[in-house]
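Student: Residue 205 in this note's numbering sits at position 205 of the sequence shown; the count goes up by one each step and never skips.
For every residue, glycine included, the Cβ atom is placed at its ideal position computed from N, Cα and C.
All values derive from a computational prediction rather than experimental measurement.
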Amino acid sequence: MTVSQIFFGRRAVRHGLVWLVVVVFYGLKAWQEPIPTGIMHSLESSAAWIAVLALVIYAHFWLLANLLERRRVALYLLATAGLLLAGGALHYFLKELVTASPVKFPGGLYGIGFRIGYLAGKAASNLLPALLLATTARYVRRGTVSHLQMQQLRALQLETELSLLKAQVNQHFLFNTLNNLYGLSLAAPDQMPEALLQLAGLMRYQLDSSRQSTVTVGTEAEYLANYIGLEKLRLRENTKVEFLTDLPHPDRPLAPLLLLPLVENCFKHAIDPSGKNTIRIQLTQTDTGLTLRTGNSIPAQFRPAPSGLGLPTLRARLAQFYPGNRHRLAVEATDTFYAANLQLVF
Numbered sequence: 001m002t003v004s005q006i007f008f009g010r011r012a013v014r015h016g017l018v019w020l021v022v023v024v025f026y027g028l029k030a031w032q033e034p035i036p037t038g039i040m041h042s043l044e045s046s047a048a049w050i051a052v053l054a055l056v057i058y059a060h061f062w063l064l065a066n067l068l069e070r071r072r073v074a075l076y077l078l079a080t081a082g083l084l085l086a087g088g089a090l091h092y093f094l095k096e097l098v099t100a101s102p103v104k105f106p107g108g109l110y111g112i113g114f115r116i117g118y119l120a121g122k123a124a125s126n127l128l129p130a131l132l133l134a135t136t137a138r139y140v141r142r143g144t145v146s147h148l149q150m151q152q153l154r155a156l157q158l159e160t161e162l163s164l165l166k167a168q169v170n171q172h173f174l175f176n177t178l179n180n181l182y183g184l185s186l187a188a189p190d191q192m193p194e195a196l197l198q199l200a201g202l203m204r205y206q207l208d209s210s211r212q213s214t215v216t217v218g219t220e221a222e223y224l225a226n227y228i229g230l231e232k233l234r235l236r237e238n239t240k241v242e243f244l245t246d247l248p249h250p251d252r253p254l255a256p257l258l259l260l261p262l263v264e265n266c267f268k269h270a271i272d273p274s275g276k277n278t279i280r281i282q283l284t285q286t287d288t289g290l291t292l293r294t295g296n297s298i299p300a301q302f303r304p305a306p307s308g309l310g311l312p313t314l315r316a317r318l319a320q321f322y323p324g325n326r327h328r329l330a331v332e333a334t335d336t337f338y339a340a341n342l343q344l345v346f
């Protein structure tokens, strides 16, 4: 558990640290008094003030939870005004006990009004700013915790979607590949060992990447090469596939299976049994980033299907692992060609 998690998650620790800062502040302020009696007098006054302040703040927290947050606004405002007056009165009486120099008020009804006005002024000038500060801190903390919880839930959702994506790839791709391997064993048995090694490498990578938060650029490129090699087993001679890589820094970390959706789309949408098909995949790397460019021809009879998990999950994972300007995904589609350009900044 991190320091921030302890601070935001444990109420006693959080409030204890804040009140410790308050006590130290008033203690240092009292220490600046010129004579020992002045120091003791200031310490006693500060202790009385801190006690009143704590009572008012925690009582106001109760009003927030039980009145304002239940939309009983009028009752909340009335109770808060009463709380401030009561806090001002309590502060006055405690200060009077400590200093032994009470404020003299006029008598009669005028004196009662003067007392109420005096206490209201003291409450407004002393307690109200502290109350506003404590309330702001309460809701800022609550907003921060909610934001952290939303991030955790979003990360969990993305991991779930990634697991679904892996399961989808495993089921459909493995089924098609096994059929292709069966055909290959009859038509070209000498190519079977290489194809089986590619399939083993692909399955091993998916198993290993599911246990890791990051892989390397080199292992991701090897995975794509195995995937493309196995996909080519089912293609006819009228389909041209190009896969080019330039990776001077293959050990750089990368989120697993981040590039697969764009490569997978090329083979889903580019196959025309009668016409010529073209698939181009280029993976290049610089000192500061990685770029994947994919492009494929689109058959005349192709009809786009509703989007699955691939691209939406990709965009969400890009926003999580490469937020803001650290990624750019551009897609261009015409009636005959589809191109995607993904740029990552390390």
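What does the alpha-carbon distance come out to for the pair leucine 75 and histidine 60?
Tutor: Counting from one through the sequence shown, the residue named residue 75 turns up at place 75. Counting from one through the sequence shown, the residue named residue 60 turns up at place 60. Counting only the Cα atoms, histidine 60 lies some 13 Å from leucine 75.
Student: From Leu247, Val21, Val56 and Ile281, pick the residue whose C-alpha is nearest to that of leucine 260; which is it?
Tutor: In the sequence shown, residue 260 corresponds to position 260, counting from 1. The shortest C-alpha separation from leucine 260 is found at Ile281.
Student: Once you ignore the five residues that flank tyrosine 110 on each side, which residues in its own chain have a CB closer than 6 Å to its CB?
Tutor: Within the sequence shown, numbered from 1, the residue matching residue 110 stands at position 110. Any reading at tyrosine 110 must be qualified, since the residue scores a pLDDT of 49, below 50, and its modelled position is unreliable; the value itself is stated next. Result list for tyrosine 110: empty, nothing under 6 Å.
Student: What separation, rounded to the nearest whole angstrom, lies between the Cα atoms of threonine 144 and arginine 252?
Tutor: For the purposes of this step, residue 144 is identified with residue 144 of the sequence shown, where counting begins at 1. For the purposes of this step, residue 252 is identified with residue 252 of the sequence shown, where counting begins at 1. Their Cα atoms are separated by approximately 32 Å.
Student: Where threonine 80 and methionine 150 are concerned, what is the direct C-alpha to C-alpha distance, given to the nearest angstrom?
Tutor: Here residue 80 corresponds to residue number 80 of the sequence shown, with the count starting at 1. Here residue 150 corresponds to residue number 150 of the sequence shown, with the count starting at 1. The alpha-carbon of threonine 80 is positioned some 32 Å away from that of methionine 150.
Student: Per DSSP, what kind of secondary structure is phenylalanine 346 in: helix, strand or coil?
Tutor: Here residue 346 is taken as the residue at index 346 of the sequence shown, counted from 1. Coil, per DSSP.
Student: Give me the DSSP bridge partner(s) of valine 331.
Tutor: Against the sequence shown, residue 331 aligns to sequence position 331. Answer by DSSP bridge pairing, in chain order: Ala340.
Student: Is the CB-CB distance between threonine 214 and tyrosine 205 below 8 Å?
Tutor: Position 214 of the sequence shown, counting from 1, holds the residue named residue 214. Position 205 of the sequence shown, counting from 1, holds the residue named residue 205. Cβ distance not < 8 Å, so threonine 214 and tyrosine 205 don't count as in contact.
Student: Report the rounded CA-to-CA distance for valine 18 versus phenylalanine 346, giving the unit in angstroms.
Tutor: For the purposes of this step, residue 18 is taken as residue 18 along the sequence shown, with counting starting at 1. For the purposes of this step, residue 346 is taken as residue 346 along the sequence shown, with counting starting at 1. Computed Cα separation, rounded: 39 Å.
Student: For threonine 294, which of Ala339, Leu258, Leu199 and Ala65 has the nearest alpha-carbon?
Tutor: The residue labelled residue 294 in the question sits at position 294 within the sequence shown. Out of Ala339, Leu258, Leu199 and Ala65, Ala339 has the C-alpha closest to the C-alpha of threonine 294.
Student: Quick check on proline 248: does DSSP put it in helix, strand or coil?
Tutor: Here the question's residue 248 lines up with position 248 in the sequence shown. Here proline 248 sits in coil by DSSP.
Student: Taking 8 Å as the cut-off, decide whether the C-beta atoms of glutamine 212 and proline 256 are in contact.
Tutor: Taking the sequence shown and counting its residues from 1, the one referred to as residue 212 is at position 212. Taking the sequence shown and counting its residues from 1, the one referred to as residue 256 is at position 256. Going by C-beta atoms, glutamine 212 is nearer than 8 Å to proline 256.
Student: Let me know the secondary structure DSSP gives isoleucine 271 once reduced to three states.
Tutor: Residue mapping note: residue 271 aligns to position 271 of the sequence shown, counting from 1. Three-state result, isoleucine 271: coil.
Student: Leaving out the 5 sequence neighbours to the left and right, which residues in its chain are closer than 6 Å to leucine 94 when beta-carbon positions are compared?
Tutor: Indexing the sequence shown from 1 puts residue 94 at position 94. If the five residues before and after leucine 94 are omitted, its C-beta is found closer than 6 Å to the C-beta atoms of Ala48, all from its own chain and listed in chain order.
Student: Considering only the beta carbon of each residue, do valine 23 and isoleucine 50 sit closer than 8 Å?
Tutor: For the purposes of this step, residue 23 is identified with residue 23 of the sequence shown, where counting begins at 1. For the purposes of this step, residue 50 is identified with residue 50 of the sequence shown, where counting begins at 1. Result yes, Cβ atoms of valine 23 and isoleucine 50 sit closer than 8 Å.
Student: Please report the distance separating the alpha-carbon of histidine 91 from that of proline 323.
Tutor: Mapped onto the sequence shown, residue 91 falls at position 91. Mapped onto the sequence shown, residue 323 falls at position 323. Histidine 91 and proline 323: Cα-Cα distance of roughly 51 Å.
Student: Classify leucine 207 as helix, strand or coil using the three-state DSSP reduction.
Tutor: The residue labelled residue 207 in the question sits at position 207 within the sequence shown. Looking at leucine 207 - three-state DSSP - the assignment turns out to be helix.
Student: Please report the distance separating the alpha-carbon of valine 56 from that of leucine 83.
Tutor: As a first step, residue 56 is located in the sequence shown; it is residue number 56 there, counting from the start. As a first step, residue 83 is located in the sequence shown; it is residue number 83 there, counting from the start. Roughly 7 Å between the two C-alpha positions.
Student: For threonine 278, which residues of its own chain have a beta-carbon under 6 Å away from its beta-carbon, when the five flanking residues on both sides are left out?
Tutor: Within the sequence shown, the letter at position 278 stands for residue 278. So the list reads Lys240 and Ser297, once near-sequence residues are dropped.
Student: Go to asparagine 325, then tell me how far its alpha helix (DSSP H) extends in each direction, as first and last residue.
Tutor: Walking along the sequence shown from the start, residue 325 turns up at place 325. From DSSP, asparagine 325 is part of no alpha helix (DSSP H); its letter is neither H nor E.
Student: Roughly how many whole angstroms lie between the Cα atoms of aspartate 335 and glutamate 242?
Tutor: For the purposes of this step, residue 335 is identified with residue 335 of the sequence shown, where counting begins at 1. For the purposes of this step, residue 242 is identified with residue 242 of the sequence shown, where counting begins at 1. The alpha-carbon atoms of aspartate 335 and glutamate 242 are separated by roughly 21 Å.
Student: In chain order, what residues of the same chain lie with their CB nearer than 6 Å to the CB of leucine 329, ignoring the 5 residues before and after it?
Tutor: For the purposes of this step, residue 329 is identified with residue 329 of the sequence shown, where counting begins at 1. In the same chain as leucine 329, and ignoring 5 residues on each side of it, the C-beta atoms closer than 6 Å to its own belong to Leu342, in chain order.
Student: Is the closest heavy atom of the ligand SAM to the C-beta of glutamate 222 under 7 Å?
Tutor: Ligands displayed in this structure: none; no statement on the ligand SAM is therefore possible.
Student: Would DSSP call asparagine 277 helix, strand or coil?
Tutor: The residue you call residue 277 lines up with position 277 of the sequence shown. Reduced to three states, the DSSP call for asparagine 277 is strand.
Student: Grab me the residues of leucine 314's own chain with a C-beta within less than 8 Å of its C-beta, minus the 5 sequence neighbours each way, in chain order.
Tutor: By one-based count along the sequence shown, residue 314 stands at place 314. Excluding the 5 residues flanking it on each side, leucine 314 has same chain C-beta neighbours closer than 8 Å at Leu258, Pro261, Leu262 and Leu329, in chain order.
Student: Hey, could you find the ends of the beta strand (DSSP E) serine 297 is sitting in?
Tutor: By one-based count along the sequence shown, residue 297 stands at place 297. Its beta strand (DSSP E) spans residues 289 to 297.
Student: Give the range of the alpha helix (DSSP H) segment to which leucine 230 is assigned.
Tutor: The residue you call residue 230 lines up with position 230 of the sequence shown. Looking at the DSSP string, the run of the alpha helix (DSSP H) that includes leucine 230 is 217 to 231.
Student: Near histidine 327, what residues of its chain come up, given a Cβ to Cβ distance below 6 Å and the 5 sequence neighbours on each side ignored?
Tutor: Your numbering for residue 327 matches position 327 in the sequence shown. Closer than 6 Å at Cβ, skipping near neighbours: Leu318 and Leu344.
Student: DSSP three-state call for glutamine 198: helix, strand or coil?
Tutor: Within the sequence shown, the letter at position 198 stands for residue 198. Looking at glutamine 198 - three-state DSSP - the assignment turns out to be helix.
Student: To the nearest angstrom, report how far apart leucine 64 and tyrosine 26 are at their CA atoms.
Tutor: Mapped onto the sequence shown, residue 64 falls at position 64. Mapped onto the sequence shown, residue 26 falls at position 26. Within the model, the alpha-carbon separation for leucine 64 versus tyrosine 26 is close to 28 Å.
Student: So for tyrosine 110, helix, strand or coil by DSSP?
Tutor: If you number the sequence shown from 1, residue 110 lands on position 110. In this prediction, tyrosine 110 has a pLDDT of 49, which is less than 50 and means its spatial position is unreliable; nothing more can be read from the coordinates.
Student: Using a Cβ-Cβ cut-off of 7 Å (strictly less than) and excluding sequence neighbours within five positions of arginine 72, which residues of its own chain qualify?
Tutor: The residue given as residue 72 occupies position 72 in the sequence shown. Nothing meets the Cβ criterion.
Student: Could you give the distance in angstroms between the alpha-carbon of valine 52 and the alpha-carbon of serine 146?
Tutor: Here residue 52 refers to the residue found at position 52 when the sequence shown is read from its first residue. Here residue 146 refers to the residue found at position 146 when the sequence shown is read from its first residue. In a straight line, the C-alpha of valine 52 is about 31 Å away from that of serine 146.
Student: Looking only at its chain, what residues have a beta carbon closer than 8 Å to the beta carbon of alanine 54, apart from the 5 residues adjacent to it on each side?
Tutor: Counting from 1 along the sequence shown, the entry for residue 54 is found at position 54. The answer, listed in chain order, is Trp19.
Student: Skipping 5 residues on each side, what residues in its chain have a beta carbon closer than 6 Å to that of threonine 291?
Tutor: Stepping through the sequence shown from its first residue, residue 291 is reached at position 291. Thr284 and Gln343, listed in sequence order.
Student: Is the beta carbon of proline 250 closer than 8 Å to that of threonine 216?
Tutor: The residue you call residue 216 lines up with position 216 of the sequence shown. The residue you call residue 250 lines up with position 250 of the sequence shown. Contact: yes.
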